[in-house]
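Visitor: Protein sequences appear in the order of chains G and C. The first sequence begins at 57 in the numbering used here and counts up by one. The second sequence begins at 6 in the numbering used here and counts up by one. All C-beta atoms, glycine included, are put in the ideal place defined by N, C-alpha and C. Since the model is a prediction, treat every value here as computed from it, not as a measurement.
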Amino acid sequence: MEPVRLEEIAEEYRRRSSAVAARIVLCAGTGCIANGANKVFAMFKTVLEAKGLDVYVDLKMVEEDKAGFHLSESGCQGFCQMGPLVTVLPDNIMYTRVKAADVAEIIEETVINKRPVTRLLYKDPATKEVCRGTGDIPFYTQQKRMLLKMCGQIDPGDINEYIALGGYAGARRAHLELSADDVTRIVEDSGLRGRGGGGFPTGRKWRAAAAQPPGKKYVICNGDEGDPGAFMDRSVMEGNPHSVIEGMLIAARAIGADEGYVYVRAEYPLAVKRMRAAVEIAGSLGILGESVFGSGRPFRINVMEGAGAFVCGEETALMASIEGRRGMPAPKPPFPAECGLFGKPTIINNVETLASVPIVISLGAEQFRATGTKASPGTKTFALTGHVANTGLIEVPFGTSLRTIIFDIGGGVTTRRGPGKPEDFKAVQIGGPSGACLSPRYLDLPLEFDSLKAINAMVGSGGLVVMNQDTCMVQVARFFMQFTQSESCGKCVLCREGTYQMLVLLDDIIEGRADERTIGLLESVARAVGTGSLCGLGKSAPNPVLSILRDFRGEFDAHIAHKRCPANKCTALIRPSIVASKCRGCGLCVKSCPTGAITGERKQAHIINEALCIRCGACLTTCKLGAIA
Amino acid sequence: MSPEMLVSRAEKFSKVCGILERFGHKPTMLIPILQAVQEEYRYLPEEVLSFIAATLDLPPARVFGAATFYAHFALKPKGRYVIRVCDGTACHVKDSEPILNKLRTVLGLGKGQQTTEDMEFTLETVSCLGACGLAPVVVVNEEVHSLMTPEKTEALVNGLKGRKEGMAA
């Protein structure tokens with residue numbers, strides 16, 4: 057096969073795109089699709105065609121000297137709460153919450169007459185200012201998007217656009233101009249650390265595999281992101297699959313691998329589809345295959361769907377799964393770099409890590425280190441969710457504080473009654489089931505691998521779940537314990553049985569059976585589980601519980617000593633009563649009460665009949681005035 | 006086994022044979038094979054698992070072991086509509102539990118029961134769907150429904166029930 061000519065592809069793409077009068081980019085991330093992006097896309101096509109305008113969904117169809125309109129989908133643009141998002145280029149106007157009914161107006165006003173439709177623009181709730189697009193929406197201006205820059209901009213299905221923006225140049229350089237050792241050294245010097253969990257230096261991992269004698273070696277991309285509350289890997293695979301492939305190609309060059317696997321969570325069907333399509337097209341261009349970029353070195357990629365096991369995030373378990381076995385972790389050493397998949401040297405990197413590699417190669421180690429902190433260079437993506445105004449996918453330099461993320465980018469905490477005040481912030485959960493819950497005292501902590509480790513937390517894959525005062529921290533602890541308990545593979549006794557006992561103890565606290573010995577017992581079992589488990593799942597399983605015990609001890613005491621749930625969530629402990637001064641007699645609680653325990657005249661304070669109350673908490677969640685406590 | 010029985014057996018498993026063929030009868034491809042079989046039958050019938058074990062020359066325990074280890078494999082048939090309630094952290098803190106309780110009531114599912122008697126609905130929870138920005142999320146087959154409440158969920162299920170009755174009429 058003739059070696060691929062990246063410059064020609066880029067030139068051709070630019071030539072065709074310059075013939076386009078306007079480009080309309082629709083976010084087709086999972087969030088926006090759930091909000092109806094597909095209908096909006098279809099409507100754009102229909103309306104443009106009805107007007108007799110030329111619409112291209114693929115730039116290859118652009119005919120010479122015929123100005124048309126380019127309609128394309130992108131991966132997740134991050135601002136999920138405001139979807140579906142529509143961007144009109146070249147003016148870079150971003151519309152939020154677009155419905156199919158808005159399409160005709162957007163086409164008439166913006167696409168044809170170049171005027172913005174003000175009612176569809178984002179208004180900053182803090183300043184009431186209307187924002188035209190990503191250039192002035194605070195959610196975007198406070199971020200530094202390096203990894204996500206293309207994700208949300210380009211058409212993930214069009215390899216030409218990725219190439220036109222400089223894609224695959226790093227992989228080609230690695231294969232044709234640099235030695236394997238050079239590639240490894242650049243990654244080592246860049247200080248890139250693994251984005252999937254503990255932050256192990258990527259270069260060091262590669263060096264270990266590169267040092268193995270030549271022969272069959274593997275590169276695995278871990279796309280089994282199983283942390284509840286995290287979706288950055290999904291977004292990268294959906295929005296910019298070629299960056300992952302390019303990262304794998306560079307890794308393959310560094311260690312001398314000829315085969316790779318992308319292991320994707322089955323819950324992410326779109327990511328599976330986009331990765332498969334990207335691998336296929338890269339293969340047809342000779343980027344993957346028998347002779348990568350004509351170098352004579354082969355590299356092939358297989359895309360494999362996971363089958364639903366959180367523990368497969370562990371490297372050794374993931375490899376067992378690819379080999380067709382139960383995904384159970386094995387002791388290390390031997391490390392995968394020495395004896396990995398099918399017994400061959402293997403490196404496993406997470407999606408975000410691999411997608412960062414082309415950036416490292418193109419910027420160079422020194423330039424890459426200019427962002428972030430000394431020990432944690434570069435940027436980190438976070439999935440910002442929970443009780444926060446702007447939920448979505450964000451990217452910030454390492455070292456950014458939680459305060460900036462939650463209050464400036466996230467737009468602050470929300471409550472049941474709408475936007476909240478800073479004091480409504482109770483905790484933020486970072487790092488998923490292996491991570492910790494941080495109280496307000498950590499709001500100014502710079503986020504990076506080591507600062508978090510120092511307080512027994514971790515960056516993990518980067519889920520940030522914000523919680524307001526309505527959250528019961530004991531229940532949060534129980535939630536994570538339940539998760540790790542059910543996801544334990546069962547190999548280690550302490551992980552299998554210890555997590556179960558921790559769960560039982562937490563149930564005792566929540567259901568009012570706990571006494572003064574419970575906490576001590578919980579702590580000692582937690583220590584044992586952390587010490588006696590083989591893999592990361594078990595070792596880190598007690599982390600959320602221990603961090604909540606450390607920062608929210610008072611809440612445990614309230615449950616145990618006073619049989620009271622401060623957040624009014626634990627149904628066995630709540631005694632709902634109406635605060636007469638706050639009740640306006642709206643009757644919402646009456647409707648929600650399943651046993652008819654609440655009575656009262658309209659516009660008069662209501663009362664709860666204790667004898668009838670089953671303490672289900674329905675009235676508590678319905679009351680908009682905070683009159684039930 | 007008589008020739009007739011062999012023929013009928015081969016017919017019965019012809020689809021499975023096709024799948025095994027597609028994956029080159031490789032034991033290392035066990036998981037993709039099980040995924041493909043499940044796509045075909047919507048669950049993993051016991052006899053099919055035994056057949057796969059025999060064909061790949063694996064101990065049946067290995068095949069059953071993998072099938073029961075992974076959450077995605079179902080050894081019991083599922084309903085026509087599989088409703089999955091996301092119980093990831095983001096959905097959980099935004100009250101996914103009342104949605105789950107509401108669904109159990111609306112579908113009339115007893116303790117431990119996942120599928121309705123008429124094989125119409127299966128109720129499951131999943132640990133995270135990666136659509137956390139829109140929590141809480143409910144997925145019916147492949148369709149994602151965002152920012153759900155118990156009331157919206159009830160309306161959704163009633164709509165699906167209505168579709169069935171509409172078809173019958």
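Starting from residue 130(G), follow the beta strand (DSSP E) in both directions and report where the run begins and ends.
Guide: Against the first sequence, residue 130(G) aligns to sequence position 74. Taken as a continuous stretch (DSSP letters only), the beta strand (DSSP E) holding residue 130(G) covers 124-130.
Visitor: Counting Cβ pairs, one atom from each stretch, are 3 or more of them under 8 Å apart for the stretch 215-230 of chain G and the stretch 438-458 of chain G?
Guide: In the pairwise beta carbon analysis, the stretch 215-230 of chain G is classified as not touching the stretch 438-458 of chain G: fewer than three pairs are separated by under 8 Å.
Visitor: Excluding the 5 residues flanking residue 651(G) on each side, which residues of the same chain have their C-beta closer than 6 Å to its C-beta?
Guide: For the purposes of this step, residue 651(G) is identified with residue 595 of the first sequence, where counting begins at 1. Hits under 6 Å: 668 and 670.
Visitor: Does DSSP classify residue 106(C) as helix, strand or coil?
Guide: By 1-based counting over the second sequence, the position of residue 106(C) is 101. Residue state, collapsed to three classes: helix.
Visitor: In whole angstroms, give me the CA-to-CA distance for residue 174(C) and residue 47(C).
Guide: Translated into positions along the second sequence, residue 174(C) becomes position 169. Translated into positions along the second sequence, residue 47(C) becomes position 42. Caution applies to residue 174(C), whose pLDDT of 38 falls short of 50 and renders its modelled position unreliable; the value that the coordinates give is listed next. Counting only the Cα atoms, residue 47(C) lies some 27 Å from residue 174(C).
Visitor: Would you mind working out which of 187(G), 348(G) and 304(G) sits nearest residue 61(G), comparing C-alpha positions?
Guide: Here residue 61(G) refers to the residue found at position 5 of the first sequence. With respect to the C-alpha of residue 61(G), the residue from 187(G), 348(G) and 304(G) having the closest C-alpha is 348(G).
Visitor: In the DSSP assignment, the beta strand (DSSP E) including residue 485(G) goes from what residue to what residue?
Guide: Translated into the one-based positions of the first sequence, residue 485(G) becomes position 429. From DSSP, the beta strand (DSSP E) with residue 485(G) extends over 481-486.
Visitor: With distance defined between alpha-carbon atoms, name the residue in 138(G), 306(G), 226(G) and 59(G) nearest to residue 87(G).
Guide: In the first sequence, counting from the first residue as 1, residue 87(G) sits at position 31. The option with the nearest alpha carbon to residue 87(G) is 138(G).
Visitor: Name the one or two DSSP bridge partners that residue 405(G) has.
Guide: If you number the first sequence from 1, residue 405(G) lands on position 349. According to DSSP, which records beta bridges pairwise, residue 405(G) is partnered with 277(G).
Visitor: Rounded to a whole number of angstroms, what is the C-alpha to C-alpha distance between residue 131(G) and residue 272(G)?
Guide: For the purposes of this step, residue 131(G) is taken as residue 75 along the first sequence, with counting starting at 1. For the purposes of this step, residue 272(G) is taken as residue 216 along the first sequence, with counting starting at 1. Rounded to the nearest angstrom, the two C-alpha atoms are 34 Å apart.
Visitor: Using CA coordinates, which residue listed in 382(G), 331(G), 597(G) and 304(G) is at the minimum distance from residue 67(C)?
Guide: On the second sequence, residue 67(C) is found 62 positions in, with the first residue counted as 1. Nearest option by C-alpha distance: 382(G).
Visitor: Whose CA, out of 466(G), 457(G), 333(G) and 427(G), lies closest to the CA of residue 446(G)?
Guide: Position 390 of the first sequence, counted from the first residue, corresponds to residue 446(G). Checked all of 466(G), 457(G), 333(G) and 427(G); the closest Cα to residue 446(G) is 466(G).
Visitor: Please identify the residue among 43(C), 92(C), 56(C) and 97(C) whose C-alpha is closest to the C-alpha of residue 78(C).
Guide: The residue given as residue 78(C) occupies position 73 in the second sequence. Minimum Cα distance to residue 78(C) is reached at 43(C).
Visitor: Do residue 124(C) and residue 164(C) come within 9 Å of each other at the CB atom, strictly closer than that value?
Guide: Taking the first residue of the second sequence as position 1, residue 164(C) is located at position 159. Taking the first residue of the second sequence as position 1, residue 124(C) is located at position 119. Going by C-beta atoms, residue 164(C) is not nearer than 9 Å to residue 124(C).
Visitor: Looking only at its chain, what residues have a beta carbon closer than 8 Å to the beta carbon of residue 688(G), apart from the 5 residues adjacent to it on each side?
Guide: The displayed coordinates of chain G run from 57 to 685. Any statement about residue 688(G) would go beyond what the structure contains.
Visitor: Look at residue 321(G) and residue 361(G) and say whether their C-beta atoms are less than 9 Å apart.
Guide: Taking the first residue of the first sequence as position 1, residue 321(G) is located at position 265. Taking the first residue of the first sequence as position 1, residue 361(G) is located at position 305. Yes, Cβ-Cβ distance for residue 321(G) and residue 361(G) is below 9 Å.
Visitor: Tell me, please, whether the stretch 270-287 of chain G touches the stretch 313-320 of chain G by the rule of three or more beta-carbon pairs shorter than 8 Å.
Guide: yes
Visitor: Below 6 Å CB to CB, which residues in the same chain sit around residue 145(G) once its five sequence neighbours on both sides are set aside?
Guide: Your numbering for residue 145(G) matches position 89 in the first sequence. Here the set comprises 79.
Visitor: Of all the options 530(G), 424(G) and 545(G), which has the alpha carbon lying nearest to the alpha carbon of residue 558(G)?
Guide: Counting from one through the first sequence, the residue named residue 558(G) turns up at place 502. When each option's Cα is compared against that of residue 558(G), the closest is 530(G).
Visitor: Which of helix, strand or coil does DSSP assign to residue 95(G)?
Guide: The residue you call residue 95(G) lines up with position 39 of the first sequence. Helix.
Visitor: Under 9 Å between C-beta atoms, does residue 512(G) make it to chain C?
Guide: Within the first sequence, numbered from 1, the residue matching residue 512(G) stands at position 456. Judged by the 9 Å Cβ criterion, residue 512(G) is not in contact with chain C.
Visitor: Here's a check: name, in chain order, each residue in its chain whose Cβ is nearer than 6 Å to the Cβ of residue 556(G), leaving out the five neighbours to either side.
Guide: The residue given as residue 556(G) occupies position 500 in the first sequence. The answer, listed in chain order, is 541.
Visitor: Does the contact criterion of 3 or more C-beta pairs under 8 Å hold for the stretch 470-479 of chain G versus the stretch 591-605 of chain G?
Guide: no
Visitor: Could you work out which residues of chain C lie near residue 485(G), taking near to mean beta carbons separated by less than 8 Å?
Guide: The count along the first sequence starts at 1 and reaches residue 485(G) at position 429. Under the 8 Å cutoff, chain C gives 94.
Visitor: May I ask which residues mark the beginning and end of the beta strand (DSSP E) holding residue 514(G)?
Guide: Within the first sequence, residue 514(G) is the residue found at index 458, counting from 1. Neither: residue 514(G) is in no beta strand (DSSP E) and is coded neither H nor E.
Visitor: For residue 72(G) and residue 81(C), what's the separation of their Cα atoms in angstroms?
Guide: Taking the first residue of the first sequence as position 1, residue 72(G) is located at position 16. Taking the first residue of the second sequence as position 1, residue 81(C) is located at position 76. Straight-line Cα distance between these residues: approximately 53 Å.
Visitor: Using the beta-carbon count (16 or more within 10 Å), is residue 571(G) buried or exposed?
Guide: Residue 571(G) sits at position 515 when you count from the first residue of the first sequence. Exposed is the call here.
Visitor: With a CB to CB cut of under 8 Å and the five nearest residues on each side skipped, what residues in its chain are close to residue 655(G)?
Guide: Stepping through the first sequence from its first residue, residue 655(G) is reached at position 599. Excluding positions up to five away in sequence, the list reads 646, 662, 663 and 665.
Visitor: Once DSSP output is grouped into helix, strand and coil, what is the label at residue 454(G)?
Guide: Counting from 1 along the first sequence, the entry for residue 454(G) is found at position 398. Here residue 454(G) sits in coil by DSSP.
Visitor: So does the stretch 352-368 of chain G actually touch the stretch 241-252 of chain G, counting three or more Cβ pairs closer than 8 Å?
Guide: no
Visitor: Reducing DSSP to helix, strand and coil, say where residue 494(G) ends up.
Guide: On the first sequence, position 438 is the one that residue 494(G) refers to. It is a strand residue.
Visitor: Pick from 437(G), 394(G), 97(G) and 303(G): whose alpha carbon is nearest that of residue 269(G)?
Guide: Taking the first residue of the first sequence as position 1, residue 269(G) is located at position 213. Residue 269(G) has its Cα closest to that of 394(G), out of 437(G), 394(G), 97(G) and 303(G).
Visitor: Taking 8 Å as the threshold, find out whether the stretch 509-528 of chain G comes into contact with the stretch 429-442 of chain G through three or more Cβ pairs.
Guide: yes
Visitor: Taking beta-carbon pairs under 9 Å, can you tell me which members of the stretch 134-150 of chain G lie near chain C?
Guide: 134, 135, 136, 137 and 139
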